[in-house]
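This report refers to the structure that appears directly beneath it.
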Amino acid sequence: MEINKIFPELIKALSKKDYKKIKYLLKYFRSADIAEMISRKSNNFILKILNSQNLKRKADIFSYLPKDKQFEITKKLKNEEIIKLFVKMNSDDSADVFKMFEPIRRENILRSMAHKVREDIIKLSSYEDGSAGAIMSSKYVVIPEKLNVLQALNKIKQTAPDAETIYQVYVLDNNQKLTGTLSLRQILLADPIALIKDLMIKDVIYVNTNSKQEYVAKLISRYDFLAIPVINSEHKLVGLITYDDAMDVVERETTDDFHKSGSVGTLEYNIVRTKLWTLYSKRVFWLVLLIFGNLFSGAGISQYEKTIYSKISLVFFLPLLIGSGGNAGSQAATLMIRGLGTGEINIKDWAKLMSRELLVSGILGLTMAVVIYPIGYIRGGIEVAYSVAGSMIIIVIIGSLLGMSLPFFLNRLGFDPAAASAPLVSTLCDSLGVLIFFSIATIILNIT
Numbered sequence: 001m002e003i004n005k006i007f008p009e010l011i012k013a014l015s016k017k018d019y020k021k022i023k024y025l026l027k028y029f030r031s032a033d034i035a036e037m038i039s040r041k042s043n044n045f046i047l048k049i050l051n052s053q054n055l056k057r058k059a060d061i062f063s064y065l066p067k068d069k070q071f072e073i074t075k076k077l078k079n080e081e082i083i084k085l086f087v088k089m090n091s092d093d094s095a096d097v098f099k100m101f102e103p104i105r106r107e108n109i110l111r112s113m114a115h116k117v118r119e120d121i122i123k124l125s126s127y128e129d130g131s132a133g134a135i136m137s138s139k140y141v142v143i144p145e146k147l148n149v150l151q152a153l154n155k156i157k158q159t160a161p162d163a164e165t166i167y168q169v170y171v172l173d174n175n176q177k178l179t180g181t182l183s184l185r186q187i188l189l190a191d192p193i194a195l196i197k198d199l200m201i202k203d204v205i206y207v208n209t210n211s212k213q214e215y216v217a218k219l220i221s222r223y224d225f226l227a228i229p230v231i232n233s234e235h236k237l238v239g240l241i242t243y244d245d246a247m248d249v250v251e252r253e254t255t256d257d258f259h260k261s262g263s264v265g266t267l268e269y270n271i272v273r274t275k276l277w278t279l280y281s282k283r284v285f286w287l288v289l290l291i292f293g294n295l296f297s298g299a300g301i302s303q304y305e306k307t308i309y310s311k312i313s314l315v316f317f318l319p320l321l322i323g324s325g326g327n328a329g330s331q332a333a334t335l336m337i338r339g340l341g342t343g344e345i346n347i348k349d350w351a352k353l354m355s356r357e358l359l360v361s362g363i364l365g366l367t368m369a370v371v372i373y374p375i376g377y378i379r380g381g382i383e384v385a386y387s388v389a390g391s392m393i394i395i396v397i398i399g400s401l402l403g404m405s406l407p408f409f410l411n412r413l414g415f416d417p418a419a420a421s422a423p424l425v426s427t428l429c430d431s432l433g434v435l436i437f438f439s440i441a442t443i444i445l446n447i448t
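Each residue of the sequence shown is one higher than the last, beginning at 1 in the UniProt record's numbering.
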C-alpha cells in the first residue's frame, strides 16, 4: 500500500488522539517514507506523528526530515527530549542537528548529556563543514588483532546493537591504531581458532578527518565499499563513513553543480521550502552582472550600423547565429564540468581535448552552415548566404573552444569549474558572435 493512501485515516486518528491507531497505520512503512509524507505538514502535525512512535522509531523518522524542519521541531522540544533523540540517532546526524543550535542551548544540552554521548557530539561538531570528519559516524565495530575468530564474534555481538554497520569490521593494535579490516562474512566462515591478525586485510583504504567529502564519495564509489574508515593524524581510527552518507554528498554536490551551471547560488534547503528573499538573492547577482555582458552585444551592433542599413536581412540571422554559438559553448562547458567533477579528466588533458574539440566543433559548424546557407540565399542573396554560413562555422568553433576552456581555466585558478555556467558562456558567445558576424558581413559586402 502507498503511504499517501492512509493519510485520511491518519488525520482521523489524530483528531481522536488515537495514538495506538496511528502507530498501527505506520507500522509497515519505512521511516524515510513517513518523513517524506509529513515533511510538508505543520510542525504540530509532525510532532504528533513523532510522539506516537517509540523512541527508536521517532529518532529514525526525525533523522530523515529536512534540516530546516529538524531545526523547527527542536524548538518545540525540551532539552531532555533532544538528548534522548541524539542517543538513538546516528552520531553524524545528531552532530548536524546540534550545530544548528544557539551557543547557549548547546551548553545546556551538553551539560545534561551522558559523558560518551557528549564527547561524540563535541568531537563530530568540531570538524569543518565539507570534511570527512563532519559526516563520519562514531558508532562502528572494532576488534583487537590479538583475538581469535570465536573471541571476535563475541566482541562483535557486544558492540553490534549500537553500531551503524557491522558488515565491515576494523582491526586495531594495542595502541588503538588501524591495522586491518575484514568482512563479517570472512569471520563467520573462518576457523573459530584462527587469529584475526592472520585473516585481516592489511592494506586498508582509509581517509583522514580533514579529507574532502567529495574525495571520500569517489573512493566509496570506485571500490564499491559499504563504508570507509576515518583516521586522525596519529593513524587512530576515529570513525567511519557509510555508503548512504557518501551518496548524500554526491547528491548535494550534483545539485550544487546544477545550480552553478544556471548561475544560481547554492540553496541550503530545497526550492519548495526556500524563502522568497533567498531565491531572489541567490539569482540577482549573476543576472545583473550579465546585463553588462549583454551591453557589449548592443555596443557591437551600434558599430555596424552601415552594414545593417545596407543589408537589413542580416538582422534576421543574428539571434540564430549567436544562439548557436551559445548552445555549442554550453554543450562543451557541460561536458568539461562533468568530466572535471568526476575526475575523468584533468588539466593535463587540456591540449588533447582542445585539438579534438577544434575538429568536432569545425564539423558541427560546417554542418550547421550547410543547413543555413539556402535560407541565407533566399532571404538576402549570395552575399548574405556567404556571410551567414561563414559566420556560423567560426562562431560555433569559438563558442565550443570557449565553453571547453573556461572550466579548465577556472579549475587552474582554484575556482569551482561549475562557475563556468551556461548563462556566462552564452553571454560571452553572444558578444563575440555579434562582432564576428558583422565583421564578416562587412568584408563580404565590401562596406567601408
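Ideal placement from N, C-alpha and C gives every residue a C-beta, glycine not left out.
- Using only alpha-carbon positions, find the residue among ILE397, VAL396, VAL425 that is nearest to LEU410. VAL425
- Item | Inter-residue CB distance, MET354 and LEU401 (contact presumed, cutoff 8 Å) | About 7 Å; that satisfies the 8 Å criterion.
- Those residues which DSSP pairs with LYS212 across a bridge: SER131
- Message: For a minimum of 4 consecutive residues, which ranges assigned as the alpha helix (DSSP H) are wholly contained in the region 310-396?
- Response: Fully enclosed alpha helix (DSSP H) runs of no fewer than 4 residues occupy 314-342, 350-380 of the region 310-396, in order along the chain.
- Item | Inter-residue Cα distance where the pair is VAL288 and TYR167 | The alpha-carbon atoms of VAL288 and TYR167 are separated by roughly 52 Å.
- Reduced DSSP secondary structure (H/G/I, E/B, other) of ASN232: DSSP places ASN232 in coil when its eight states are reduced to three.
- Do you know how far the Cα of VAL250 is from the Cα of GLY323? Straight-line measurement puts the Cα of VAL250 at about 32 Å from the Cα of GLY323.
- Message: Assuming contact is defined by CB atoms lying nearer than 8 Å, are VAL142 and LEU172 in contact in what I supplied?
- Response: With respect to the 8 Å criterion, VAL142 and LEU172 are classified as neighbours on the basis of their beta carbons.
- Span separating the alpha-carbon of ASN96 from that of GLU253: A quick correction: the sequence has Asp, not Asn, at residue 96. ASP96 and GLU253: Cα-Cα distance of roughly 18 Å.
- THR367: buried (16+ other C-beta within 10 angstroms of its C-beta) or exposed? exposed
- Task: Within 10 angstroms of the Cβ of VAL238, are there 16 or more other Cβ atoms? Answer buried if so, exposed if not.
- Result: Classification of VAL238: buried, given that the 10 Å Cβ count is 16 or more.
- Query: Could you check where the beta strand (DSSP E) with GLN168 kicks off and where it finishes?
  - Reply: 168-172
- Tell me which same chain residues have a C-beta within less than 7 Å of the C-beta of GLY130, skipping the five on either side of it? LYS212, GLN213
- Item | Rounded C-alpha distance that separates ARG412 from TYR127 | 27 Å
- Are there three or more Cβ pairs, one per stretch, closer than 8 Å when the region 99-118 is compared with the region 187-207? no
- Using a threshold of 8 Å, state whether the C-beta atoms of GLY300 and VAL434 are closer than that. yes
- So VAL142 is in the beta strand (DSSP E); what residue range does that whole segment cover? 142-144
- Message: Looking at the secondary structure, which residues open and close the beta strand (DSSP E) in which GLY414 lies?
- Response: Counting along the chain, GLY414 falls outside any beta strand (DSSP E), and DSSP gives it neither H nor E.
- Message: Using C-beta distances below 8 Å, list every residue in its chain close to ASN148, excluding the 5 sequence neighbours before and after it, in chain order.
- Response: For ASN148, where only same-chain residues beyond five positions count, the Cβ hits under 8 Å are PRO192, ILE193, ALA194, LEU195, ILE196.
- Item | Cross-strand partners of ALA32 (DSSP beta bridge) | Answer is none; ALA32 lacks a bridge partner.
- Distance, PRO144 Cα to GLY180 Cα: Whole-angstrom Cα-Cα distance: 10 Å.
- Buried versus exposed, by CB contacts within 10 Å (16 or more), PRO229: buried
- Reference LEU321; option with closest CA among PHE7, VAL371, GLU72, ILE135: With distances taken between Cα atoms, LEU321 lies closest to VAL371.
- Task: Identify whether VAL204 lies in helix, strand or coil by the three-state DSSP scheme.
- Result: coil
- Among TYR170, ARG57, ASN208, LYS275, which one has its Cα closest to the Cα of TYR28? ARG57
- Straight-line Cα distance separating ARG338 from TYR243: When rounded, the distance between both Cα atoms is 22 Å.
- Query: Got a sec: is the Cβ-Cβ distance from ILE363 to anything in chain D below 8 Å?
  - Reply: Here there is only one protein chain, and chain D is not present.
- Task: Kindly indicate which three-state DSSP category THR242 falls into: helix, strand or coil?
- Result: strand
- Query: Could you give the residue range of the beta strand (DSSP E) that holds LEU178?
  - Reply: Where LEU178 is concerned, the enclosing beta strand (DSSP E) stretches over 178-183.
- Message: My output table needs one value for SER63: the three-state DSSP class, helix, strand or coil.
- Response: helix
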